[in-house]
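Asker:
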Amino acid sequence: MNTDGAFDPRRLGVPKEVVDEGARTLRHARTSLEAFVGSLSEGDSVDGMSPADASWVSSSHHRYRTARSRLWAWAGWSTQLTLGNILDHVQAIERTLVGEPVAIWSLVSLSRVVQEGTIRVCHLYEPGLSPERRAVRIAAAWLNGARQHQTAAKDVGAQAVPGADRIWQSAEQTAQRAGMTIGLDSKGRPSSAVLGSAAAPFAVNLTDIAAKRPTHLPAWYRISSATSHSTVWMVAQAFAYDEEDQPVLQADPETVSAAVLAVLGAFEDLVETLGAYHGKDAHQALQTIRRRTVAVLDRQRKWRQQAQADAQQAASTGPLT
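Residue numbers for the sequence shown follow the working numbering, so the first one is 852 and each next one is one higher.
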């Protein structure tokens, strides 16, 4: 509770226009992304592969060709699932924004899922990779997921282990039949996919990757991690008092806008990366997302100016009651 008579902007809550416009922005952006992703098959890709990757696979020795095609089929399938998960979480953010009261930290955690899924997809389809480097990245992602499945199955119970083992064996055999070897760590555990001079580790540092992708908000991936793990220093920043002077966690417009911008940045990365890989002109889709980003920044700037004016007026008229 504020007892010194000073104006406390946290008592104001989030202006309705901030959350309403945030929800509308995400709804429109989600619809645009879905339309763009749906249009990718109209580009120059061949069975989900770029012309360069398709040529590499088709010109491979017949012993490797089927397995290499299967790697790209898995990449397309896993990407479809990831995009579905991303869009599902964006819809959840939209619903959270129109709720009353607005739940602050769920917004941040949901945006983290969107960002992480985007990073994983864009890491696989990063433009400029040679087919060999992309192949080992795909194999490493598949193998790493299969290994994590095995670990989880042991915790679930013995009945889940055989199914998880079969998934690992399928991924391992596909990589080997594609001409790869499985690299081992210092303890003799599988840790990378290797094809000639190209190698990719199973585990990737998503924080480092996010820092290198210019459309993602600086430090947001790390900050949102602190929220998802209920780190006290982060959660405490939303501490406030309600109208009855009871302690609550209260959203503020800066956090709401940051979560919306994190999603828009992820969408921009997806459009740019997938468009480049599939030979699809992404200019119009990128311009649409960037205009929405500018609109969010402009709206937040106006709110901040209004909040400062209100604070000055309140301070000059007496304590908040």
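Just so it is clear, CB atoms sit at the ideal spot from N, CA and C, and this is done for glycine as well.
All values reported here derive from a predicted model rather than from experimental measurement.
Please state whether the Cβ-Cβ distance between Glu-983 and Leu-922 is less than 7 Å.
Answerer: Going by C-beta atoms, Glu-983 is not nearer than 7 Å to Leu-922.
Asker: Roughly how many angstroms lie between the CA atoms of Ala-1158 and Tyr-1092, to the nearest whole one?
Answerer: About 18 Å.
Asker: Is the segment 1027 to 1038 in contact with the segment 912 to 927, if contact means three or more CB pairs nearer than 8 Å?
Answerer: Yes: the two stretches touch, three or more of their Cβ pairs being nearer than 8 Å.
Asker: Since Glu-958 and Ile-937 should fall inside the 8 Å C-beta cutoff, what is the C-beta to C-beta distance between them, to a whole number of angstroms?
Answerer: Inspection of the sequence shows that residue 958 is occupied by Leu rather than by Glu. About 15 Å separates the two Cβ atoms, so there is no contact after all.
Asker: Let me check understanding here. Comparing Cα to Cα, which of Val-1012, Ser-1021, Gly-1008, Arg-1073 lies closest to Glu-967?
Answerer: Looking at the Cα atoms, Arg-1073 is the closest of the given residues.
Asker: With distances taken between CB atoms, is the gap from Thr-876 to Val-1111 smaller than 7 Å?
Answerer: For Thr-876 and Val-1111, yes; Cβs fall inside 7 Å.
Asker: According to the neighbour-count rule (16 or more other Cβ atoms, all chains shown, within 10 Å of its Cβ), is Ala-886 buried or exposed?
Answerer: Result: exposed.
Asker: Among Ala-1166, Ala-1146, Ala-1015, which one has its Cα closest to the Cα of Asn-995?
Answerer: Nearest C-alpha to Asn-995: Ala-1015.
Asker: Alpha carbon to alpha carbon, how far is Phe-1118 from His-1080?
Answerer: Their Cα atoms are separated by approximately 24 Å.
Asker: For Ala-1004 versus Ala-1011, is the C-beta spacing smaller than 7 Å?
Answerer: Taking 7 Å as the Cβ cut-off, Ala-1004 and Ala-1011 qualify as a contacting pair.
Asker: Please tell me whether Arg-1150 and Ala-880 are closer than 7 Å, where the distance is taken between their beta carbons.
Answerer: It is not a contact, given that the beta carbons lie outside the stated cut-off.
Asker: Check whether the Cβ atoms of His-974 and Ile-1060 lie closer than 7 Å to each other.
Answerer: Yes; because the gap between Cβ atoms is below 7 Å, this pair is in contact.
Asker: Rounded to the nearest angstrom, how far is the Cβ of Leu-1100 from that of Trp-956, given a contact under 8 Å?
Answerer: About 7 Å; that satisfies the 8 Å criterion.
Asker: Among Ser-962, Leu-884, Glu-872, Leu-891, whose alpha-carbon lies nearest the alpha-carbon of Tyr-1128?
Answerer: Selected option, being the one with the closest Cα: Leu-891.
Asker: For Trp-1084, count neighbouring Cβ atoms within 10 angstroms of its own Cβ and tell me buried if that reaches 16, exposed if not.
Answerer: Exposed, because fewer than 16 other Cβ atoms sit within 10 Å of the Cβ of Trp-1084.
Asker: Sorry if obvious, but does the Cβ on Arg-1064 come closer than 6 Å to a heavy atom of the ligand SAM?
Answerer: Among the components modelled here there is no ligand, and therefore nothing to report on the ligand SAM.
Asker: Evaluate Leu-980 with the Cβ neighbour count: other Cβ atoms within 10 Å of its Cβ, from every protein chain shown; 16 or more gives buried, anything less gives exposed.
Answerer: Buried is the call here.
Asker: Are the beta-carbon atoms of Val-972 and Ala-1050 separated by less than 7 Å?
Answerer: Against a cut-off of 7 Å, the Cβ pair of Ala-1050 and Val-972 comes out as no contact.
Asker: Measure the alpha-carbon distance for Thr-1078 versus Ser-960 and round it to whole angstroms.
Answerer: Their Cα atoms are separated by approximately 6 Å.
Asker: Give the DSSP-derived three-state secondary structure of Gly-935 in the structure shown.
Answerer: Three-state DSSP puts Gly-935 in a helix.
Asker: Would you mind reading off the limits of the alpha helix (DSSP H) that contains Ala-1051?
Answerer: Taken as a continuous stretch (DSSP letters only), Ala-1051 belongs to no alpha helix (DSSP H), being part of the beta strand (DSSP E) at 1049 to 1052.
Asker: Taking 7 Å as the cut-off, decide whether the C-beta atoms of Thr-1066 and Gly-1126 are in contact.
Answerer: Cβ atoms of Thr-1066 and Gly-1126: not closer than 7 Å.
Asker: Which of helix, strand or coil does DSSP assign to Met-1031?
Answerer: Met-1031: coil per DSSP, three-state reduction.
Asker: Since Gly-899 and Gly-927 should fall inside the 8 Å C-beta cutoff, what is the C-beta to C-beta distance between them, to a whole number of angstroms?
Answerer: So it is a contact: roughly 4 Å between Cβ atoms.
Asker: Pull up the CB-CB distance for Thr-1124 and Tyr-976, whole angstroms please, since I reckon it's below 8 Å.
Answerer: Confirmed, about 5 Å.
Asker: Apart from the five residues just before and just after Leu-1035, which ones in its own chain have a Cβ nearer than 7 Å to its Cβ?
Answerer: Cβ neighbours of Leu-1035 beyond the five flanking positions: Pro-1041, Ser-1042.
Asker: Got a sec? Which residues, its chain only, sit under 6 Å from Asp-904 by beta carbon, not counting five neighbours each side?
Answerer: These residues qualify, in order along the chain: Pro-982.
Asker: Reducing DSSP to helix, strand and coil, say where Pro-978 ends up.
Answerer: In this structure, Pro-978 counts as coil in the three-state DSSP scheme.
Asker: Only counting runs of 4 or more residues, tell me where the alpha helix (DSSP H) segments fall wholly within the segment 1092 to 1145, in order along the chain.
Answerer: Listed in chain order, they are 1104 to 1129.
Asker: Mapping DSSP to helix, strand and coil, what is Val-1176?
Answerer: Outside the shown range of the chain, which is 852 to 1172, sits residue 1176, and nothing can be said about it.
Asker: Identify every run of the alpha helix (DSSP H) within the segment 989 to 1038, keeping only runs that are complete inside it and at least 4 residues long; order them along the chain.
Answerer: Listed in chain order, they are 1012 to 1028.
Asker: With a 10 Å radius around its C-beta and 16 neighbouring C-beta atoms as the bar for buried, classify Lys-1153 as buried or exposed.
Answerer: That one is exposed.
Asker: Check whether the Cβ atoms of Val-869 and Val-1122 sit closer than 7 Å, and answer yes or no.
Answerer: Their beta carbons are not under 7 Å apart, which means Val-869 does not touch Val-1122 by this criterion.
Asker: May I have the straight-line CA-CA distance separating Gln-931 from Leu-1148, to the nearest angstrom?
Answerer: If you take the alpha carbons of Gln-931 and Leu-1148, they lie about 31 Å apart.
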